[in-house]
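2 protein chains.
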Amino acid sequence: MSNQGEGCCEPLSEEPLAEEQAAELATVFKALGDPVRLRLLSLIASRPSGEVCVCELTPAFDLSQPTISHHLKLLRQAGLVDSERRGTWVYYRVRPETTDRMAALLSSVSGDRAAV
Amino acid sequence: MSNQGEGCCEPLSEEPLAEEQAAELATVFKALGDPVRLRLLSLIASRPSGEVCVCELTPAFDLSQPTISHHLKLLRQAGLVDSERRGTWVYYRVRPETTDRMAALLSSVSGDRAAV
DNA sequence: AGGCTGTATCGAAGTTTGTCTATGCCATGG
DNA sequence: CCATGGCATAGACAAACTTCGATACAGCCT
Numbered sequence: 001m002s003n004q005g006e007g008c009c010e011p012l013s014e015e016p017l018a019e020e021q022a023a024e025l026a027t028v029f030k031a032l033g034d035p036v037r038l039r040l041l042s043l044i045a046s047r048p049s050g051e052v053c054v055c056e057l058t059p060a061f062d063l064s065q066p067t068i069s070h071h072l073k074l075l076r077q078a079g080l081v082d083s084e085r086r087g088t089w090v091y092y093r094v095r096p097e098t099t100d101r102m103a104a105l106l107s108s109v110s111g112d113r114a115a116v
Numbered sequence: 001m002s003n004q005g006e007g008c009c010e011p012l013s014e015e016p017l018a019e020e021q022a023a024e025l026a027t028v029f030k031a032l033g034d035p036v037r038l039r040l041l042s043l044i045a046s047r048p049s050g051e052v053c054v055c056e057l058t059p060a061f062d063l064s065q066p067t068i069s070h071h072l073k074l075l076r077q078a079g080l081v082d083s084e085r086r087g088t089w090v091y092y093r094v095r096p097e098t099t100d101r102m103a104a105l106l107s108s109v110s111g112d113r114a115a116v
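Taken in order, these protein sequences are the chains called A and B.
Going left to right, the first sequence walks through residues 1 to 116 as full-length UniProt numbering numbers them.
Going left to right, the second sequence walks through residues 1 to 116 as full-length UniProt numbering numbers them.
Structure representation (structure tokens):
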């Protein structure tokens, strides 16, 4: 499969991002790669209280309630948000550890080398 | 539909992330949401020279050459990388403007409010 | 010019994703 | 204790994505 000749450049020394790590990080970015989920995250993050009730998120979109629930589940599984039930209602909040980690990763890409 | 009753919380004041903007940003995150593309970006970014020849990227994966070419195209369309042909070979480099913008967005999420 | 090599484009197959309706679970409140 | 409302899960289906082989295009070299 197309092994380059010899005159192009030096061979790869090492992959900066391991296969396994890339798969894990891709899961988080994939969760961010949908307009609805991005807006959900933004809605949650923009609250001074730090949390939003699902009953407030659902009517903000032109989508069915199960669809919003599904998107929230993906955000939760990606570690981007956390949920807590208080009585009748469920509240979602951002997990800054995850967003910070992703921000640091992207910064390192433009900075110099890819870090963890 | 499910319009909530009245006892939950106050209504939404405004969406922090417009629908159109969310769609645009989601495209970039979607490009990042694949292990192969993440590793490609990492490989390109980790080079001191700032650029990598495609002939070096292709054999680094257990995938066909058209598949790598396709992933590079998506990264380019998302504004994450740039390509330049020099003679026989094509070189890819990271566009720091884009990665920095995404990093800033994620930082703002954990910081306080969602910014542009 | 002709052949060779590196890269991109073109359909096509299989899998994943986003959305819906229908239904189930949990907590509240008569 | 049963009815009601908020939220999650299950199954179904269309659209999108990832991958491939085949092919086309672009430079180099003899």
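By construction, the Cβ of each residue, glycine as well, lies at the ideal position given by its N, Cα and C atoms.
Against chain A, a Cβ distance below 8 Å from residue 100(B) picks out 106, 107, 110. Residue 63(B) is classed as exposed because its beta carbon has fewer than 16 other beta carbons within 10 Å across all chains shown. When DSSP states are grouped into helix, strand and coil, residue 82(A) belongs to the strand group. For residue 16(A), the closest alpha carbon among the candidates 42(B), 31(B), 29(B), 19(B) is that of 42(B).
Short of 8 Å from the beta carbon of residue 80(B), and not among the five residues preceding or following it, lie these beta carbons of its own chain, in chain order: 28, 31, 32, 41, 94, 95, 98, 99. Judged by DSSP secondary structure, residue 93(B) falls within the beta strand (DSSP E) whose first and last residues are 89 to 94. Contacts with chain A (Cβ-Cβ distance below 7 Å) from the stretch 27 to 45 of chain B involve 29, 30, 32, 33, 34, 35, 38, 39, 41, 42, 43, 45, listed in chain order. Judged by DSSP secondary structure, residue 27(B) falls within the alpha helix (DSSP H) whose first and last residues are 19 to 32. Proximity of chain A to residue 17(B) at the Cβ level (cut-off 7 Å) is accounted for by 38, 39, 42, in chain order. In the assembly as shown, residue 24(B) is an exposed residue. Its beta-carbon has fewer than 16 other beta-carbons within 10 Å. With respect to residue 54(B), residue 90(B) sits close: the two C-beta atoms are nearer than 7 Å. Taking CB atoms only, residue 22(B) has a neighbour in chain A less than 7 Å away. DSSP places residue 40(B) inside the alpha helix (DSSP H), whose first and last residues are 35 to 45.
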